[in-house]
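*Asks:* The structure that follows is given in the form of structure tokens.
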Amino acid sequence: MGFNAETYWADKPVKKFSIVLRNGTAEQNMIVAARNEDAARAAALENTFLDASAAVVVSAQLATPEDLGLSIQQDQNLITERDLAAENRRLRAALSDCVDMMQQCQQWDNEPLLDGCPIGSAEWDVTVAMAYQLISEKH
């Protein structure tokens, strides 16, 4: 089941059209916003970098996501609400650990004579490693 541009744009007062203009051997692809195809064709001819007096609209169609520089992901690549909730929980737990460690560091900074500086401890190393891992993850 593919993207249906007619259905998508049907209820929108201003639509995006993919227009191809040609002037001899030169060609220009444009995305034009207009209320209808006729207006889109006219706007394309008014705004072309080609010689407008000789330019011809070769094709005009309602824009697809690909025309707009987007891609439609297949179902297996979609992120579900459950995936987002799990990722949210994981990030919140990691952030909580980082905040706890920062509070310990602040306490150490305020009262440096106390034993228990967290810097260099196992908890510190784990928290820093987890923070680096979270930062370097690509989503």
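In short: position in the sequence shown from 1, add 339, done, that's our numbering. Ideal Cβ placement from N, Cα and C applies to all residues, glycine included.
When you compare only the Cα positions, how much space is there between VAL397 and GLU345?
*Replies:* One C-alpha to the other measures close to 19 Å.
*Asks:* Does the beta-carbon distance from LEU407 to THR387 come in below 7 Å?
*Replies:* Against a cut-off of 7 Å, the Cβ pair of THR387 and LEU407 comes out as no contact.
*Asks:* Out of ALA365, GLY363, MET369 and ASP350, point me to the one whose CA is closest to SER357's CA.
*Replies:* Residue MET369 is the option with its Cα nearest to SER357.
*Asks:* Can you tell me the Cα-Cα spacing of ASP436 and GLN445, whole angstroms?
*Replies:* Roughly 14 Å separates the two Cα atoms.
*Asks:* To test your reading of the DSSP string, which unbroken beta strand (DSSP E) runs of 3 or more residues are found completely within the segment 359 to 445?
*Replies:* Fully enclosed beta strand (DSSP E) runs of 3 or longer: 365 to 373 and 395 to 401.
*Asks:* Give the C-beta separation of LEU401 and GLN367 to the nearest angstrom, bearing in mind that I take them to be a contact with Cβ-Cβ under 8 Å.
*Replies:* LEU401 to GLN367, Cβ: 18 Å. No contact.
*Asks:* Within a Cβ cutoff of 7 Å, which residues of the same chain sit near HIS478, ignoring the five residues on either side of it in sequence?
*Replies:* Because the pLDDT of HIS478 is 48, which lies under 50, any placement of that residue in the model is unreliable, and the number read from its coordinates should be weighed accordingly. Closer than 7 Å at Cβ, skipping near neighbours: no residue.
*Asks:* Measure the alpha-carbon distance for ALA383 versus ASP422 and round it to whole angstroms.
*Replies:* So the two alpha carbons sit approximately 43 Å from each other.
*Asks:* Considering Cα atoms alone, identify which of THR364, LEU409, ALA379 and LEU430 is closest to LYS354.
*Replies:* Comparing Cα-Cα distances from LYS354 to each of THR364, LEU409, ALA379 and LEU430, the minimum goes to ALA379.
*Asks:* Output the distance between the C-alpha atoms of ASN343 and GLU426, rounded to the nearest integer angstrom.
*Replies:* Approximately 32 Å between the Cα atoms of the pair.
*Asks:* Can you give the Cα-Cα distance for THR466 and ALA433, rounded to whole angstroms?
*Replies:* The straight-line gap from Cα to Cα measures roughly 8 Å.
*Asks:* What number of angstroms, rounded off, separates the C-alpha of ASP480 from the C-alpha of GLN472?
*Replies:* There is simply no residue 480 to check, as the chain begins at 340 and stops at 478 in what is shown.
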